[in-house]
Structures are given as C-alpha cells and as structure tokens.
Ligand code: HEM
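Residue numbers (the numbering used here): 401 to 769.
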C-alpha cells in the first residue's frame with residue numbers, strides 16, 4: 401500500500417522533486433483517485449516485471465490501468481444510487497451493464513492470478529469460493545463486489561478529512577505537529593530528492609490526535625443503512641425500555657447516523673467537526689459518551705455492527721491514515737477559496753456508506769520542502 405501510495409502521490413510532480421510550484425486539482429477527485437488506485441493495487445496485485453520487461457514498465461502499466469479502472473468506477477459510482485432504487489432509464493441500465501462486464505473481465509481470476517503481490521484477502525476469497533464449487537464467472541463477479549465494498553468509501557472519507565483540516569486551521573496544526581513528531585522520532589525527514597518516507601504500522605499507532613480526527617470525520621460522513629433479516633422471532637428491547645416484537649421474515653433497517661452520530665445528547669454540537677472530540681484531556685482515546693445519564697455503548701457506528709461488521713475496517717483506517725499522513729508530511733495544501741462553504745452531502749447516497757459531496761472543491765498543493 402505504502403509504495404503504491406507514494407508512486408501515485410508523487411507521480412504528478414514530474415521528475416523534478418525539488419519543485420515548489422503549486423498544482424491545482426479538485427480535492428474530491430484527487431483523494432478518491434489516489435486512495436482508490438493505491439488500494440486497488442494493494443489488494444489485487446501489481447503487474448509483474450517478468451511480462452513487461454522491467455520494473456519501470458510494469459509500474460507505468462499499473463498507473464495507466466488503475467487510472468482507467470478508477471474512471472470507469474466513478475461512472476458506475478454515479479449511476480449506483482439510481483441503479484439501487486431501480487429508477488435508471490434504459491440507457492443508464494445499458495451503461496451500468498457495460499461497466500459491470502468491464503469490471504468482471506478486468507478483475508477476473510485469469511487477470512489477477514498473473515499479478516505479483518496479490519493480497520492474502522483477495523487470494524483467499526478466490527480460492528475459498530472455488531473450493532466451495534463457485535463457477536469462475538461467478539467468482540469474477542464477486543471480485544467486483546469486493547472492489548466496490550473495499551474501494552468505494554475510503555477515498556471519499558479521506559476527502560472529508562483533508563477538507564475539514566483545511567477549514568479548521570487548529571486541527572491542521574495539531575495533526576501536522578503530531579505527524580512531524582512521529583516522523584522525527586523515527587529518525588526520518590522529508591527532504592528534496594531524499595528517500596521516500598518509510599511509514600510503519602508502529603508509527604501509525606502513535607497518533608492519538610490523528611485517530612480522534614479520523615473517528616470524528618467518520619462520525620460526520622459515514623452514514624450506512626444496516627439491513628438485517630429476522631431469522632427467528634424475537635423481542636427487541638430498546639434502551640428507553642420500549643419493546644418491539646420482530647417476526648421471522650421481517651426485514652429491519654438501522655440508520656445509526658441519525659440515531660447516534662448526530663444525536664446532540666451524545667455528541668454536543670453534532671454537525672461541527674471537532675478534531676479532538678474523541679480525545680480525553682490526558683490525550684488518550686475517549687470512549688465514554690452519555691445519553692440520558694447512561695453511558696452509550698455504540699456512540700459511533702461507521703463500520704456497522706455484529707457478524708457483518710466491516711471486515712476491512714483496519715485496512716481502511718490504515719489506507720486513510722497513510723494517505724493523510726503522507727499528504728501532511730510531503731505537502732502544503734490549501735483551498736483555492738478558503739471562504740468557500742463546506743459542500744452539502746449528495747442526498748441520493750444516504751445509506752450507502754461514506755457520503756460524497758454534492759460538488760467538487762478546488763484546492764492546491766506543493767511540496768513542503
Ligand atoms: C472508510 C471506509 C469504509 C467504511 C465506512 C466501510 C463501512 C462498511 C459498512 C457499514 C459495512 C456493512 C456492515 C454491516 O452490515 O453491519 C461494510 C461491509 C463490508 N466492508 Fe467495509 N467499509 C470501509 C472500507 C472497507 C475496506 C477497505 C474493505 C476491504 C478491504 C471493506 C470490505 C467490506 C466487506 C467485504 C463488507 C461486507 C461484509 C459482510 O457482509 O459480511 N470495507 N463496510
């Protein structure tokens with residue numbers, strides 16, 4: 401993940417890594433593009449230099465192919481809400497099917513098994529399904545389901561985090577201070593034409609302020625609708641003592657965003673980004689939140705809950721933190737218009753995981769050193 405991220409993050413700067421000129425981009429597109437492509441390469445593997453002749457050619461192929469995959473994924477992403485609601489016009493349905501066929505082929509077993517560094521997760525998923533007797537064409541389709549689950553949320557989450565940091569200079573300063581200290585303590589520094597940063601898991605475990613900002617951003621922008629089938633009759637007991645009889649065969653939808661994330665009793669001033677909301681005065685992780693005087697067990701549920709709780713949450717946090725850490729240590733970045741209002745959430749996407757903005761936000765970045 402780390403080497404893929406650095407290759408993609410530094411690629412647009414050209415060969416002169418000394419350059420200090422600003423590069424302008426759309427923040428949403430920038431974050432989603434880099435995190436999606438690096439995550440895809442980390443999960444589905446790299447092109448091998450054996451087939452391409454040398455490593456540079458293999459890297460160039462990865463860059464070109466992951467860019468194409470991202471562009472097609474964004475088209476699908478935009479059709480997705482209406483596809484789910486069943487209201488796509490015939491032309492939209494045809495386009496969605498074309499895109500799905502593209503992904504099934506692109507991510508197919510025959511195309512992934514020739515890659516290097518394929519992740520254990522994807523490898524195991526393919527082999528497990530094969531051993532269960534699933535047909536190859538169905539496994540190819542399943543690979544696209546996994547890509548959608550794995551790559552549709554982390555990029556948008558990193559967009560919101562960087563946006564909130566730019567809108568809240570105190571948060572930006574606190575995070576920069578923390579990551580700079582962690583980098584320094586690891587004996588590394590970023591310098592022109594110096595070696596790439598070697599960001600280890602150990603370094604990422606020493607960032608309580610950063611962790612709080614990540615939890616806060618997910619509280620604000622992760623709004624999944626959790627659906628469950630009732631497999632046997634039961635009584636659901638609510639915290640306020642109300643009880644509901646659930647019949648076998650009933651379907652249930654839980655929407656923690658309204659029930660928990662933006663409940664002002666649990667999270668005062670709930671629509672405001674407070675980077676230190678999940679920090680105790682001692683600077684450790686805060687886990688005690690209250691409603692009606694009682695401690696709340698589930699005070700934020702970006703990953704869902706129970707048996708189908710997001711299995712990729714640790715990977716997601718790592719991806720997000722690695723990307724933002726590198727942005728903070730390598731780059732200065734700022735909004736083109738600092739007065740610009742924070743965009744609204746695209747309402748068509750409620751319930752589908754991390755929300756997307758209803759418009760793009762322009763920003764610029766340049767190397768810090
Ligand atoms: C910020 C990023 C992410 C968010 C907010 C997120 C959120 C979620 C949520 C809410 C669910 C449904 C949980 C439930 O029904 O209780 C889910 C399921 C899932 N997620 Fe994630 N996820 C993220 C990243 C990832 C990543 C990076 C991967 C893989 C590497 C991943 C793989 C999956 C899979 C396979 C499922 C289906 C689990 C099942 O049905 O058993 N997710 N995710």
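C-beta atoms are modelled at their ideal positions from N, C-alpha and C, and glycine is treated no differently.
In the three-state reduction of the DSSP assignment, residue 562 falls in the helix class, which pools H, G and I. If you draw a 10 Å sphere on the C-beta of residue 617, you find 16 or more other C-beta atoms in it, and that means buried.
Cβ contact annotation for residue 716 (same chain, cutoff 6 Å, sequence separation greater than five): 554, in chain order. For residue 685, there is no enclosing beta strand (DSSP E), as DSSP marks it with neither H nor E.
If you draw a straight line from the Cα of residue 543 to the Cα of residue 641, it is about 43 Å long. Residue 489 and residue 572 have their C-alpha atoms some 44 Å from each other. The three-state reading of DSSP puts residue 490 in helix, counting H, G and I together.
DSSP places residue 617 in the uninterrupted alpha helix (DSSP H) bounded by 608-621. Excluding sequence positions up to five before and after residue 728, its CB lies within less than 7 Å of the CB of 575, 576 and 579, all in the same chain and listed in chain order. Just measuring C-alpha positions, the residue of 479, 626 and 609 sitting nearest residue 753 is 626. Shown here, residue 409 sits in a helix according to DSSP, grouped into three states. DSSP places residue 587 in no beta strand (DSSP E); its state is neither H nor E. Going by DSSP, residue 731 is part of the beta strand (DSSP E) stretching over 731-735. The segment 686-764 contains, as complete alpha helix (DSSP H) runs of 4+ residues, the segments 713-730 (chain order). Where residue 465 is concerned, the enclosing alpha helix (DSSP H) starts and stops at 455-485. Under DSSP, the beta-bridge partners assigned to residue 644 are 636.
Proximity of the beta carbon of residue 618 to the ligand HEM is indicated: a heavy atom of the ligand is located closer than 7 Å. Taken through DSSP and simplified to helix, strand or coil, residue 553 comes out as coil. Excluding its 5 nearest sequence neighbours in each direction, residue 759 has C-beta neighbours in its own chain below 6 Å: 743, listed in chain order. In the three-state scheme derived from DSSP, where H, G and I count as helix and E and B as strand, residue 435 is classed as helix.
The count of Cβ pairs closer than 8 Å, one atom from the segment 436-445 and one from the segment 461-474, reaches three, so the stretches are in contact. When the five nearest sequence neighbours on each side are left out, the beta carbons in the same chain lying within less than 6 Å of the beta carbon of residue 565 are those of 571 and 572, in order along the chain. Below 8 Å, enough C-beta pairs join the segment 700-712 and the segment 608-622 to call them touching: three or more. The closest CA to that of residue 563, considering only 749, 734 and 767, is found on 734.
Apart from sequence neighbours up to five positions away, the residues of its chain that approach residue 470 with a beta-carbon distance below 6 Å are 433, 436 and 437, ordered along the chain. Sequence-distant Cβ neighbours of residue 676 in its own chain, meaning closer than 6 Å and more than five residues away, are 612.
Excluding five sequence positions before and after residue 483, the CB atoms of its chain that fall closer than 6 Å to its own CB belong to 496, given in chain order. A distance criterion of 7 Å places the beta-carbon of residue 712 in contact range of the ligand HEM, judged by its closest non-hydrogen atom.
In this structure, residue 479 sits away from residue 507, with a CB-CB distance that is not shorter than 8 Å.
If you draw a straight line from the Cα of residue 736 to the Cα of residue 726, it is about 21 Å long.
Taking the Cα of residue 427 as reference, the smallest distance to any Cα among 764, 768 and 597 is reached at 764.
Residue pairing by DSSP places residue 653 opposite 627 in a beta bridge.
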